[in-house]
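Trainee:
In the numbering used here, the protein residues as written are 1 to 392.
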């Protein structure tokens with residue numbers, strides 16, 4: 001009856017009570033463990049939230065707000081219902097529904113009508129961004145992550161063991177945790193790590209998925225400035241340089257990565273590959289490959305690439321041989337001898353690579369050619385048989 005009337009026709013006290021009671025009724029429907037009761041209104045929590053906000057807005061112009069404070073006290077319960085629904089949706093792999101639950105809780109808690117009671121719960125927003133990505137809603141994911149960063153989200157958690165239960169308890173902030181520890185109510189306080197760099201990585205990956213190159217580059221640059229020591233961001237930037245074929249940028253990035261993680265052989269290997277294939281500096285490439293092998297002797301790819309460097313050198317000798325005149329037999333023979341020595345050096349690397357990775361047919365193929373070049377025709381035939389047996 002009241003819903004069908006104009007607000008001006010209803011007494012202020014009655015309308016306030018109506019909004020408040022309506023919110024309570026639908027809140028109970030939404031929170032009921034009974035499926036039949038929940039089925040009375042599948043959007044009960046939305047109605048409860050709307051009624052709370054309608055009440056606060058209505059009483060904001062009243063000289064005597066009767067239910068505003070009580071209504072604000074119900075906001076955490078409504079937000080909790082959204083999170084329960086989000087959890088249920090997540091478990092059933094309804095990620096869009098789960099996202100809606102998280103973002104609804106976030107939007108409700110930050111509503112400006114709540115005044116000083118409003119909260120920017122960036123933890124909810126971050127979770128919404130993660131689940132939006134799982135739902136395939138990359139645009140919403142980007143919006144959430146970007147907002148988290150702009151709002152200063154760090155994701156630091158505060159946990160201590162609650163003495164009464166001997167169970168971990170999470171606190172909203174460090175002050176509350178410290179207070180309980182000082183009072184002897186809790187022990188073993190733990191302050192979690194700043195996860196802001198992870199938010200940047202999530203945002204960068206989302207931009208990449210959207211093929212938004214401009215914002216991808218901007219976010220990556222911003223993150224690298226803020227977290228220059230973060231190795232994950234360093235790797236992402238390296239891949240970005242490689243994708244754009246910016247080899248100068250990639251080499252500078254690799255030098256930085258090598259300085260920060262000298263124990264990672266992969267950086268030396270990738271640098272060697274760029275120097276060999278793009279810069280055409282075989283000596284520098286060989287130095288990097290050998291450095292990679294020194295760090296990790298089991299790295300078959302680096303061992304194989306050392307062999308290829310010597311093949312490239314042997315091919316350059318072939319070019320010199322082909323440029324000789326028919327009368328220059330002595331020079332030709334000297335170069336041929338030099339070339340065979342180079343092939344024999346490459347052979348050592350390829351044989352070692354095959355020991356490390358016996359199922360790599362590229363290595364077998366290289367060995368077949370080098371055995372032939374060095375006159376070991378039987379072994380060359382053996383390699384050919386292996387290739388044929390493998391269907392190559």
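The C-beta atom is built at its ideal place from N, Cα and C for all residues, glycine as well.
Skipping 5 residues on each side, what residues in its chain have a beta carbon closer than 7 Å to that of residue 409?
Mentor: There is no way to answer for residue 409, as the model of the chain reaches only from 1 to 392.
Trainee: For residue 254, I'd like the list of residues in its chain whose CB is within less than 7 Å of its CB, leaving aside the five on either flank, ordered along the chain.
Mentor: Contacts found: 238, 267, 270, 271.
Trainee: Should residue 2 be labelled buried (16 or more other beta-carbon atoms within 10 Å of its own) or exposed?
Mentor: Bear in mind that a pLDDT of 48 at residue 2, under 50, signals an unreliable position, so the number given afterwards is only what the model happens to contain. Label assigned to residue 2: exposed.
Trainee: Hey, residue 199 and residue 126: beta-carbon distance below 8 Å or not?
Mentor: Their beta carbons are under 8 Å apart, which means residue 199 touches residue 126 by this criterion.
Trainee: Please work out which residues of its chain come closer than 7 Å, Cβ to Cβ, to residue 383, disregarding the five sequence neighbours upstream and downstream, and give them in chain order.
Mentor: Counting only Cβ-Cβ distances below 7 Å, and skipping sequence neighbours, we find 364, 367, 368, 371.
Trainee: Between residue 344 and residue 374, what straight-line distance do the alpha-carbon atoms span, to the nearest angstrom?
Mentor: When rounded, the distance between both Cα atoms is 7 Å.
Trainee: What are the start and end residues of each continuous beta strand (DSSP E) run of 3 or more residues lying completely inside the region 118-193, in chain order?
Mentor: You should have 158-162, 167-171, 186-191.
Trainee: By DSSP, does residue 111 sit in helix, in strand, or in coil?
Mentor: Correct three-state label for residue 111: coil.
Trainee: Determine the burial state of residue 231: buried for a count of at least 16 other Cβ atoms within 10 Å of its Cβ, exposed for fewer.
Mentor: It is exposed - the Cβ of residue 231 has fewer than 16 other Cβ atoms within 10 Å.
Trainee: Find out if the Cβ-Cβ distance for the pair residue 51, residue 67 is shorter than 8 Å.
Mentor: Contact: no.
Trainee: Round the Cβ separation of residue 159 and residue 174 to the nearest angstrom and send it over; I've been treating them as touching at under 8 Å.
Mentor: That belief does not hold up - the Cβ atoms of residue 159 and residue 174 are roughly 11 Å apart, past 8 Å.
Trainee: What does the Cβ neighbour count give for residue 377, buried or exposed, with the cut at 16 atoms within 10 Å?
Mentor: Residue 377 should be labelled exposed.
Trainee: At what residues does the alpha helix (DSSP H) containing residue 330 begin and finish?
Mentor: Looking at the DSSP string, the run of the alpha helix (DSSP H) that includes residue 330 is 329-356.
Trainee: Could you give the first and the last residue of the continuous alpha helix (DSSP H) run that contains residue 39?
Mentor: Here residue 39 belongs to no alpha helix (DSSP H), and DSSP marks it neither H nor E.
Trainee: Is it true that the region 344-354 meets the region 315-331, where meeting means three or more beta-carbon pairs spaced less than 8 Å apart?
Mentor: Contact between the region 344-354 and the region 315-331 is absent, because fewer than three Cβ pairs lie under 8 Å.
Trainee: Measuring straight from C-alpha to C-alpha, what distance separates residue 124 and residue 243?
Mentor: Between residue 124 and residue 243, the C-alpha separation is close to 34 Å.
Trainee: Counting C-beta neighbours from all protein chains within 10 Å, is the total for residue 122 16 or more, i.e. buried, or is it exposed?
Mentor: Result: buried.
Trainee: In terms of residues, what are the limits of the alpha helix (DSSP H) holding residue 66?
Mentor: Premise fails: residue 66 is in no alpha helix (DSSP H) and is neither H nor E.
Trainee: To the nearest angstrom, how far is the alpha carbon of residue 55 from that of residue 131?
Mentor: Taking the straight line joining both Cα atoms gives about 32 Å.
Trainee: Alpha helix (DSSP H) containing residue 249: first to last residue?
Mentor: Unbroken alpha helix (DSSP H) run through residue 249: 247-260.
Trainee: So does residue 182 have its beta carbon nearer than 7 Å to some heavy atom of the ligand NAP?
Mentor: Ligands in the displayed structure: none, and consequently the ligand NAP is not present.
Trainee: The alpha helix (DSSP H) spanning residue 283 covers which residue range?
Mentor: Unbroken alpha helix (DSSP H) run through residue 283: 282-295.
Trainee: Residue 20 to residue 110, Cα distance in whole Å?
Mentor: Distance between the alpha carbons of residue 20 and residue 110: 20 Å.
Trainee: Given a threshold of 16 other Cβ atoms within 10 Å of its Cβ, counted over all protein chains shown, does residue 234 qualify as buried or as exposed?
Mentor: It counts as buried.
Trainee: To the nearest whole angstrom, what separates the beta carbons of residue 45 and residue 30, a pair I think is in contact under 8 Å?
Mentor: Between residue 30 and residue 45 the Cβ distance is about 4 Å, and since that is below 8 Å, they are a contact.
Trainee: Take residue 101 and list the residues in its own chain whose beta-carbon comes closer than 7 Å to its own, dropping the five residues that flank it on each side.
Mentor: Cβ within range, chain order: 82, 83, 85, 86, 89.
Trainee: What's the C-alpha gap between residue 282 and residue 355?
Mentor: Rounded to the nearest angstrom, the two C-alpha atoms are 24 Å apart.
Trainee: Can you find at least 3 beta carbon pairs, one from the region 334-343 and one from the region 308-317, that sit closer than 8 Å?
Mentor: As far as the Cβ criterion goes, the region 334-343 touches the region 308-317, which means the pair count is three or higher.
Trainee: Output the distance between the C-alpha atoms of residue 387 and residue 361, rounded to the nearest integer angstrom.
Mentor: Computed Cα separation, rounded: 7 Å.
Trainee: Rounded to a whole number of angstroms, what is the C-alpha to C-alpha distance between residue 206 and residue 144?
Mentor: Between residue 206 and residue 144, the C-alpha separation is close to 11 Å.
Trainee: Can you tell me whether residue 274 is buried or exposed, with buried defined as 16 or more other CB within 10 angstroms of its CB?
Mentor: So residue 274 counts as buried.
Trainee: Buried or exposed for residue 14, going by 16 or more other Cβ atoms inside 10 Å?
Mentor: The residue is exposed, with fewer than 16 neighbouring Cβ atoms inside 10 Å.
Trainee: Less than 8 Å between C-beta atoms, sequence neighbours within five positions excluded: which residues of the same chain meet that for residue 118?
Mentor: Result list for residue 118: 109, 110, 111, 112, in chain order.
Trainee: Do you know offhand how far residue 184's Cα is from residue 48's?
Mentor: The straight-line gap from Cα to Cα measures roughly 40 Å.
Trainee: Please classify residue 251 as buried or exposed, where buried requires at least 16 other C-beta atoms within 10 Å of its C-beta.
Mentor: The residue in question, residue 251, is buried, as its Cβ has 16 or more Cβ neighbours within 10 Å.
Trainee: Taking the alpha-carbon positions, what's the residue 392 to residue 291 distance?
Mentor: Taking the straight line from one Cα to the other gives about 32 Å.
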